[in-house]
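Asker: Residue numbers (the working numbering): 35 to 335.
1. Just confirm the distance between the C-beta atoms of residue 168 and residue 175, as a whole number of angstroms; I'd bet it's less than 8 Å.
2. Could you tell me the alpha carbon to alpha carbon distance between residue 223 and residue 243, rounded to whole angstroms?
3. For residue 64, count the other beta carbons within 10 Å of its own beta carbon; 16 or more makes it buried, fewer makes it exposed. Which is it?
4. What does a CB cutoff of less than 8 Å around residue 53 pick up in its chain, not counting 5 residues either side in sequence?
5. Looking at residue 212: is its Cβ nearer than 8 Å to the Cβ of residue 250?
6. What is the C-beta distance between residue 261 and residue 246, in whole angstroms, given that I count them as a contact (C-beta under 8 Å)?
7. Go to residue 316, then tell me how far its beta strand (DSSP E) extends in each direction, as first and last residue.
8. Is the Cβ-Cβ distance between residue 86 and residue 146 less than 8 Å?
9. Helix, strand or coil for residue 269 per DSSP?
10. Check whether the Cβ atoms of residue 121 and residue 106 sit closer than 8 Å, and answer yes or no.
11. Give me the Cβ distance between residue 37 and residue 60, rounded to the nearest whole Å; I'm assuming they're in contact under 8 Å.
12. If you draw a straight line from the C-alpha of residue 259 to the C-alpha of residue 321, how long is it?
13. How many Å lie between residue 296 and residue 151 at the Cα?
14. Have a look at residue 46 and residue 185 and give me their C-alpha separation to the nearest angstrom.
15. Quick check: the Cα distance between residue 253 and residue 48, rounded to an integer number of angstroms?
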């Protein structure tokens with residue numbers, strides 16, 4: 035039986051442990067801190083072995099694969115030994131995506147990702163699509179995959195979660211912007227942080243969509259270096275030829291040779307930054323096949 039070790043006993047770690055147990059793996063969870071009682075009870079109720087307050091190297095190094103919580107940096111003696119033994123380290127997002135046939139919207143960026151994620155989920159629900167909300171908002175993705183069979187998941191994903199993604203393939207990937215955050219985790223190299231963010235689209239294919247802010251220099255520079263397999267869709271304040279062009283009064287959208295205009299007055303979120311978030315959300319909904327009239331109704335709901 036394949037042994038899965040979970041490092042970190044928070045929301046994502048326990049969710050991954052529950053899903054792994056359900057799928058028949060031998061599961062062990064290890065957390066250097068003290069677990070919350072609700073997580074301790076969930077693990078016990080599901081007969082999942084765990085430790086808290088320490089990492090027992092011998093038990094961890096027995097793993098065939100390790101699922102690492104995003105808050106844990108891959109530094110120190112434990113990770114040196116994991117690397118020496120060539121044990122694969124993945125994220126909860128990567129693991130959970132193996133066990134769902136749902137289409138995934140994944141949204142990342144230094145700013146704007148939470149607002150966009152919540153807005154997209156709202157618009158999907160208003161359009162009659164019951165979608166899961168998970169990742170950095172909502173529940174653990176792994177636990178959501180375990181508990182409910184859905185056609186769509188809307189995920190907010192951080193660079194830390196993307197670090198350990200290798201085959202994760204969202205149908206719609208969104209990158210809002212990249213500013214020099216969390217550089218202590220990336221050896222104080224901005225390029226390393228950019229690389230992490232761009233992992234969101236690394237496995238996409240020609241029938242997938244990649245939505246990004248076209249005015250943002252770090253994104254433009256990186257795109258110029260890459261071969262993008264998916265359909266690239268842009269949001270801009272400056273380029274009237276962008277897929278979604280935001281001006282002072284409205285959002286002009288061009289998608290699959292059709293044109294739509296959404297007045298900013300009909301969008302409840304105010305401010306230019308929220309207009310960009312709304313433009314992103316509109317494009318996501320159109321990519322998902324939601325009719326423009328339903329999107330308008332969703333903004334009113």
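Where a beta carbon is used, it is the ideal one built from N, C-alpha and C, also for glycine.
Answerer: Taking the definition as stated:
1. The C-beta distance from residue 168 to residue 175 rounds to 4 Å, short enough to meet the 8 Å contact threshold.
2. 28 Å
3. buried
4. 129, 130, 133, 176, 177, 179 and 180
5. yes
6. Wrong, their Cβ atoms sit about 15 Å apart, outside the cutoff.
7. Where residue 316 is concerned, there is no enclosing beta strand (DSSP E), although the alpha helix (DSSP H) it sits in stretches over 306 to 321.
8. no
9. strand
10. no
11. 4 Å
12. 25 Å
13. If you take the alpha carbons of residue 296 and residue 151, they lie about 19 Å apart.
14. Cα-Cα distance, rounded: 21 Å.
15. 34 Å
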